[in-house]
Amino acid sequence: MSNSLTGIAASAGIAIAKAFRYEEPDLTVEKKSGVDAKAEIQAFDAALEKSRAELEEIKEKTRREMGDEHAEIFSAHLLVLQDPEFVDAVRQKVQDDEVNASFALDEKANEFIMIFESMDNEYMKERAADIRDVSKRVLAHLLGKPIVSLAEIKEEVIVVGDDLTPSDTAQLNKEFVKGFATNIGGRTSHSAIMARSLEIPAVVGTKTVTHDTKQHQYVIVDGNDGTVIIDPSDDELAEYRSRQEAFEQQKAEWAKLKNEPSVSKDGTHVELVANIGTPNDLEGVHNNGAEGVGLYRTEFLYMGRNELPTEEEQFDAYKQVVESLDGKPVVIRTLDIGGDKELPYLDLPEEMNPFLGFRAIRLCLEMKDMFRTQLRALLRAGAFGNLKIMFPMIATLEEFREAKALLEEEQQKLHAEGVETGSDIEVGIMVEIPSTAVMAPQFAKEVDFFSIGTNDLIQYTMAADRMNERVSYLYQPYNPAILGLVKSVIDASHAEGKWTGMCGEMAGDPIAVPLLFGLGLDEFSMSATSVLPARSQLSKMTKQEAADTAAEALKLSTADEVQQLVESRFPMA
Amino acid sequence: MAEKTYTITAETGIHARPATQLVNKAGQFESEITLDYKGKSVNLKSIMGVMSLGVGQGAEVTIKAEGPDEEEAISSLDEVMKQGLSE
Numbered sequence: 238m239s240n241s242l243t244g245i246a247a248s249a250g251i252a253i254a255k256a257f258r259y260e261e262p263d264l265t266v267e268k269k270s271g272v273d274a275k276a277e278i279q280a281f282d283a284a285l286e287k288s289r290a291e292l293e294e295i296k297e298k299t300r301r302e303m304g305d306e307h308a309e310i311f312s313a314h315l316l317v318l319q320d321p322e323f324v325d326a327v328r329q330k331v332q333d334d335e336v337n338a339s340f341a342l343d344e345k346a347n348e349f350i351m352i353f354e355s356m357d358n359e360y361m362k363e364r365a366a367d368i369r370d371v372s373k374r375v376l377a378h379l380l381g382k383p384i385v386s387l388a389e390i391k392e393e394v395i396v397v398g399d400d401l402t403p404s405d406t407a408q409l410n411k412e413f414v415k416g417f418a419t420n421i422g423g424r425t426s427h428s429a430i431m432a433r434s435l436e437i438p439a440v441v442g443t444k445t446v447t448h449d450t451k452q453h454q455y456v457i458v459d460g461n462d463g464t465v466i467i468d469p470s471d472d473e474l475a476e477y478r479s480r481q482e483a484f485e486q487q488k489a490e491w492a493k494l495k496n497e498p499s500v501s502k503d504g505t506h507v508e509l510v511a512n513i514g515t516p517n518d519l520e521g522v523h524n525n526g527a528e529g530v531g532l533y534r535t536e537f538l539y540m541g542r543n544e545l546p547t548e549e550e551q552f553d554a555y556k557q558v559v560e561s562l563d564g565k566p567v568v569i570r571t572l573d574i575g576g577d578k579e580l581p582y583l584d585l586p587e588e589m590n591p592f593l594g595f596r597a598i599r600l601c602l603e604m605k606d607m608f609r610t611q612l613r614a615l616l617r618a619g620a621f622g623n624l625k626i627m628f629p630m631i632a633t634l635e636e637f638r639e640a641k642a643l644l645e646e647e648q649q650k651l652h653a654e655g656v657e658t659g660s661d662i663e664v665g666i667m668v669e670i671p672s673t674a675v676m677a678p679q680f681a682k683e684v685d686f687f688s689i690g691t692n693d694l695i696q697y698t699m700a701a702d703r704m705n706e707r708v709s710y711l712y713q714p715y716n717p718a719i720l721g722l723v724k725s726v727i728d729a730s731h732a733e734g735k736w737t738g739m740c741g742e743m744a745g746d747p748i749a750v751p752l753l754f755g756l757g758l759d760e761f762s763m764s765a766t767s768v769l770p771a772r773s774q775l776s777k778m779t780k781q782e783a784a785d786t787a788a789e790a791l792k793l794s795t796a797d798e799v800q801q802l803v804e805s806r807f808p809m810a
Numbered sequence: 055m056a057e058k059t060y061t062i063t064a065e066t067g068i069h070a071r072p073a074t075q076l077v078n079k080a081g082q083f084e085s086e087i088t089l090d091y092k093g094k095s096v097n098l099k100s101i102m103g104v105m106s107l108g109v110g111q112g113a114e115v116t117i118k119a120e121g122p123d124e125e126e127a128i129s130s131l132d133e134v135m136k137q138g139l140s141e
């Protein structure tokens, strides 16, 4: 009997394959006394050796595929394995107490974990996780239950797990992993963003998929509407195979637009560009015919590691992206950390309201050395293509002026050092705080462009935490209040001869596209996979129709009314 | 015994990468090597020992080595310490 679950559609497409349950083996240990200490120590040493070989392999694979920096963490893991204070203590305990090695290991590891966890420092607390990771690996070998890695999957599967971390998703091999379904997460969680970059169908936030799915059961993941069907009937299989085919055909239709310009029926041109997180996403940008990059989230350069990236590392990444785009615009956002994105090594105190707290430009203007390093890397990379710089979370003109002054100082320093920088780099801001949207006419005199960040603009305007599921009904992109703010920002930029883009989820939303086009948005930045559908949608409408609909929508009272209006004017495929 | 004292200048203190380099280097010597900070002394060949000190920016630390290759150990570790970690 099949079982159907509903989650959040995180990445489009339909996948059908056997389930691969991604979970940790049961590593409960029992205490055994009066054992043969010598044999136990030998077994322990053998388990250490196997773990070492595995870690060396993972480190090498990570280095090859993701670079030296990402591989560093495994160097630290390897040192834990060789730590004399740790492994000698385990051997000593086996010897002295004549207990089994797995028990001694578990106890010693827990002692160290306790020490690190009790430290009043987020970074050190995370090191407890490293020790846990390493000792689990050794313990798994001792107990004969080795840990499976996602990188080792060699047949077509759908990965089913509680949640997938960025490093889990980085290990996914697209050839075999056809899709994934998780218990937790939302459309903007890391696993969802990664799934869209990898173009793997995914449904997140199903709550119970790990509970309901057995290993090797057939699973259907419909990333278009958020459905997961476990153990489907023959009818359901046939139904979804035909839907899958239809979706593939639709994709083939869209693919024909890949090298076409983004124009409406009456020939009005807008820019359809892509959001990216790392240079790895460039493939998707090119495959989907995006006309540039409207948002390069640089925080991924800073995450999943243990210290700040150097100027050279950043320069290399930025240069790679602008060169790859070959003269097409690349809007790079300076570090937007804080809120739901933490950098443990900065050791920032926990806050009551992180989304309203010390984050993004606020943090950068405080940690100026870190910020200057990024600005220098950006200025240098600007010499290699069409790079634009964007500051996130700007609330006041003073913040913008201060950030821009730092940028100019670094530019002068670089010139004094004889280093080449980009000339006439456009400098803009994210509009995601209502005060900035209201003050857009004043900002428009000083900035070169606006990019509206709708995820945050909606959460701040509606006063609804977007991570809180109980208030998720207030996340209303089509609310006339939001549309009104968007309109005033666009109008303010045009009055000064500047342009406005949008880089939130809303920019690629089929209901929002006609409205935004009608309001005069110049640049739409979205997940790469949304570019071709949006281009196809745009080609079927005229500017006048869209403008009329948008004008009417602004006078409506609720988000639902707006949605109904758009659906009646622009029937969706 | 050989020893040398440093002031940590790196913004993030002795965190994973520098700690890894120090421990790796210390492991190449026969001498007993310790890292002393705020009255605590840990085995510099133990990554968990080094990390557990939580050495931050501005901290004053001392590296001590005792054994047949103590001088060599101190001068090798000095190179690691000077790579953007301290002055």
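If you read the protein sequences in the order shown, they are chains A and B.
As numbered in my numbering, residues 238 to 810 make up the first sequence, in order.
As numbered in my numbering, residues 55 to 141 make up the second sequence, in order.
Idealized CB from N, CA, C, for every residue including glycine.
Counting C-beta pairs closer than 8 Å gives three or more between the stretch 769-779 of chain A and the stretch 490-500 of chain A, which meets the contact rule.
With contacts defined by Cβ atoms closer than 8 Å, G423(A) and P438(A) do not form a contacting pair.
Interface annotation for the stretch 92-116 of chain B against chain A: N97, K99, S100, I101, M102, G103, M105, S106 and G108, criterion Cβ-Cβ distance under 7 Å. Of all residues in the stretch 62-75 of chain B, only E65, T66, H69, A70, R71 and T74 place a beta-carbon less than 7 Å from a beta-carbon of chain A.
Proximity of the stretch 746-763 of chain A to the stretch 524-534 of chain A meets the contact definition, three or more beta-carbon pairs being nearer than 8 Å. Counting along the chain, D399(A) sits inside no beta strand (DSSP E), nor does DSSP assign it H or E at all. M739(A) has its alpha-carbon roughly 56 Å from the corresponding atom of A341(A). Residues of chain A whose Cβ lies closer than 7 Å to the Cβ of V77(B) are, in chain order, L316. Proximity to F628(A) across I574(A), M676(A), D606(A) and L583(A) peaks at I574(A), based on C-alpha coordinates. Along the length of the stretch 429-498 of chain A, whole alpha helix (DSSP H) runs at least 4 residues long occupy 446-449 and 471-492, reported in chain order.
What L545(A) touches in chain B, judged by beta-carbon distance under 8 Å, is E65 and T66, going in chain order. Cα atoms of S660(A) and D685(A): separation of roughly 14 Å, rounded to the nearest angstrom. Here the alpha carbons of I598(A) and P770(A) stand approximately 33 Å from one another. Every unbroken stretch of the beta strand (DSSP E) spanning 3 or more residues and falling wholly within the stretch 578-658 of chain A is given here in chain order: 624-628. In the three-state DSSP reduction, E335(A) falls in the coil class, being neither helix nor strand. From the listed residues K362(A), K296(A), M361(A) and L316(A), the smallest Cα separation to S386(A) is found for K296(A).
Counting C-beta pairs closer than 8 Å gives three or more between the stretch 741-756 of chain A and the stretch 710-725 of chain A, which meets the contact rule. Within chain B, M102, M105 and S106 have C-beta atoms less than 9 Å from the C-beta of F353(A), given in sequence order. For the C-beta of A326(A), not a single chain B residue is nearer than 7 Å; the gap to the nearest is close to 10 Å. For Y60(B), the enclosing beta strand (DSSP E) covers residues A56 to T61. When CB distances to chain B are screened at a threshold of 7 Å, not a single residue of the stretch 660-690 of chain A falls below it. When the five nearest sequence neighbours on each side are left out, the beta carbons in the same chain lying within less than 8 Å of the beta carbon of T658(A) are those of L616, R617, G619, A620, Q648, L651 and H652, in order along the chain. Remark: C-beta atoms of Q551(A) and Q487(A) do not approach each other more closely than 8 Å. Runs of beta strand (DSSP E) with 3 or more residues, each lying fully within the stretch 510-569 of chain A, are found at 530-534, listed in chain order.
Of the candidates V396(A), A527(A), M667(A) and Q454(A), the residue whose Cα lies closest to the Cα of T633(A) is M667(A). Restricting attention to A642(A), F637(A) and M699(A), the CA atom closest to the CA of Q679(A) is found in F637(A). Residue burial is scored here from C-beta neighbours: N705(A) has fewer than 16 other C-beta atoms within 10 angstroms and is therefore classed as exposed. Taking the C-beta atoms as reference points, T61(B) is found nearer than 8 Å to S140(B).
Under the three-state reduction of DSSP output, V371(A) falls in the helix class. Burial of Y712(A) is indicated by the presence of at least 16 other C-beta atoms within 10 angstroms of its C-beta.
For I87(B), the enclosing beta strand (DSSP E) has its first and last residue at E86 to Y91. The beta carbon of L600(A) lies closer than 7 Å to those of I574 and G575 in the same chain, with the five residues before and after it left out. Chain order gives the chain B residues near S312(A) as T74, where near means a beta carbon separation below 7 Å. According to the DSSP assignment, F686(A) belongs to the beta strand (DSSP E) that extends over F686 to I689.
Under the three-pair Cβ rule at 8 Å, the stretch 445-460 of chain A counts as touching the stretch 391-399 of chain A. Look at F83(B) here: in three-state DSSP terms it is coil, with no helix or strand label.
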